[in-house]
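Undergrad: The opening residue of the sequence shown carries number 59 in our numbering; numbering runs sequentially from there.
For every residue, glycine included, the Cβ atom is placed at its ideal position computed from N, Cα and C.
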Amino acid sequence: MHQADSLQKVDSYKVGVGHMKELMPTMVEAYHHFTAACFAPGALDEKQKQLIALGIGLFANNEVCTLYHVQEALAKGASRQEILEATAVASAVASGHAMSQGVTRVEQALDSLM
Numbered sequence: 059m060h061q062a063d064s065l066q067k068v069d070s071y072k073v074g075v076g077h078m079k080e081l082m083p084t085m086v087e088a089y090h091h092f093t094a095a096c097f098a099p100g101a102l103d104e105k106q107k108q109l110i111a112l113g114i115g116l117f118a119n120n121e122v123c124t125l126y127h128v129q130e131a132l133a134k135g136a137s138r139q140e141i142l143e144a145t146a147v148a149s150a151v152a153s154g155h156a157m158s159q160g161v162t163r164v165e166q167a168l169d170s171l172m
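1) Assuming L112 contacts K67 under a Cβ cut-off of 8 Å, what Cβ separation, rounded to an integer in Å, is found between them?
2) Are there 16 or more other CB atoms within 10 angstroms of the CB of A118, so buried, or fewer, so exposed?
3) Tell me which residue opens and which closes the alpha helix (DSSP H) that S149 is part of.
4) On the premise that L109 lies in contact with A131, defined as a C-beta separation below 8 Å, what is that separation, rounded to the nearest angstrom?
5) Which of the three DSSP states is assigned to G74 in this structure?
6) Apart from the five residues just before and just after K105, which ones in its own chain have a Cβ nearer than 6 Å to its Cβ?
7) Write down the C-beta distance between L116 and A148 rounded to the nearest angstrom, noting that I regard them as a contact closer than 8 Å.
8) In whole angstroms, what is the alpha-carbon distance linking H127 and T145?
9) What distance in whole Å lies between the Cβ atoms of V86 and V73, which are believed to be in contact at a cut-off of 8 Å?
10) Work out the CA separation of Q129 and E121 for me, nearest whole Å.
11) For F92 versus K107, is the C-beta distance shorter than 8 Å?
12) Distance check for L81 and D63, CA to CA, integer angstroms please.
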């Protein structure tokens, strides 16, 4: 994917939020207030929070979220290596999710069906 494509997808999201704000200003302002508080520096710094959000976006298979949080992680000083390591952690969690479901739900289904 080219940089222009990534930027266009994130920009489309921002335009969509702008349209929603016109119709539901209180809700969108509350959302922005909430997310700003969540991403404000605390025990975790802003870069760490963006890397966490990137992993969650990947796990949720949310393309715009993934692109947005890569941009934000870079803006907060994350290196390519840090972003790739966060991606690897998300991959491990995703495979662990499939494994945990496989050894529980699938086993239960097999036990009840066989």
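TA: Reading from the atomic positions:
1) Working through the sequence shown from its first residue, we reach residue 112 at position 54. Working through the sequence shown from its first residue, we reach residue 67 at position 9. About 15 Å; that fails the 8 Å criterion.
2) Within the sequence shown, numbered from 1, the residue matching residue 118 stands at position 60. Here A118 is exposed, its C-beta having fewer than 16 other C-beta atoms within 10 Å.
3) For the purposes of this step, residue 149 is taken as the residue at position 91 of the sequence shown. Segment 138-159, the alpha helix (DSSP H) holding S149.
4) Here residue 131 is taken as the residue at index 73 of the sequence shown, counted from 1. Here residue 109 is taken as the residue at index 51 of the sequence shown, counted from 1. Indeed they touch by this definition, with Cβ atoms about 6 Å apart.
5) The residue you call residue 74 lines up with position 16 of the sequence shown. Here G74 sits in helix by DSSP.
6) The residue given as residue 105 occupies position 47 in the sequence shown. Excluding sequence neighbours, K105 sits near K134, G135, A136.
7) Numbered from 1 along the sequence shown, position 58 holds the residue referred to as residue 116. Numbered from 1 along the sequence shown, position 90 holds the residue referred to as residue 148. About 4 Å separates the two Cβ atoms, so the contact holds.
8) Residue numbering aside, residue 127 sits at position 69 when the sequence shown is read from its first letter. Residue numbering aside, residue 145 sits at position 87 when the sequence shown is read from its first letter. H127 and T145 have their C-alpha atoms spaced approximately 11 Å apart.
9) Position 15 of the sequence shown, counted from the start, is the residue given in the question as residue 73. Position 28 of the sequence shown, counted from the start, is the residue given in the question as residue 86. Approximately 13 Å separates the beta-carbon atoms of V73 and V86; this is outside 8 Å, ruling out the contact.
10) In the sequence shown, the residue the question calls residue 121 occupies position 63. In the sequence shown, the residue the question calls residue 129 occupies position 71. A direct Cα-to-Cα measurement between E121 and Q129 gives close to 12 Å.
11) For this step, residue 92 is matched to residue 34 along the sequence shown. For this step, residue 107 is matched to residue 49 along the sequence shown. No Cβ-Cβ contact shorter than 8 Å links F92 with K107.
12) Reading the sequence shown from its first residue, position 5 is the one you call residue 63. Reading the sequence shown from its first residue, position 23 is the one you call residue 81. Each residue's Cα considered, the two are about 28 Å apart.
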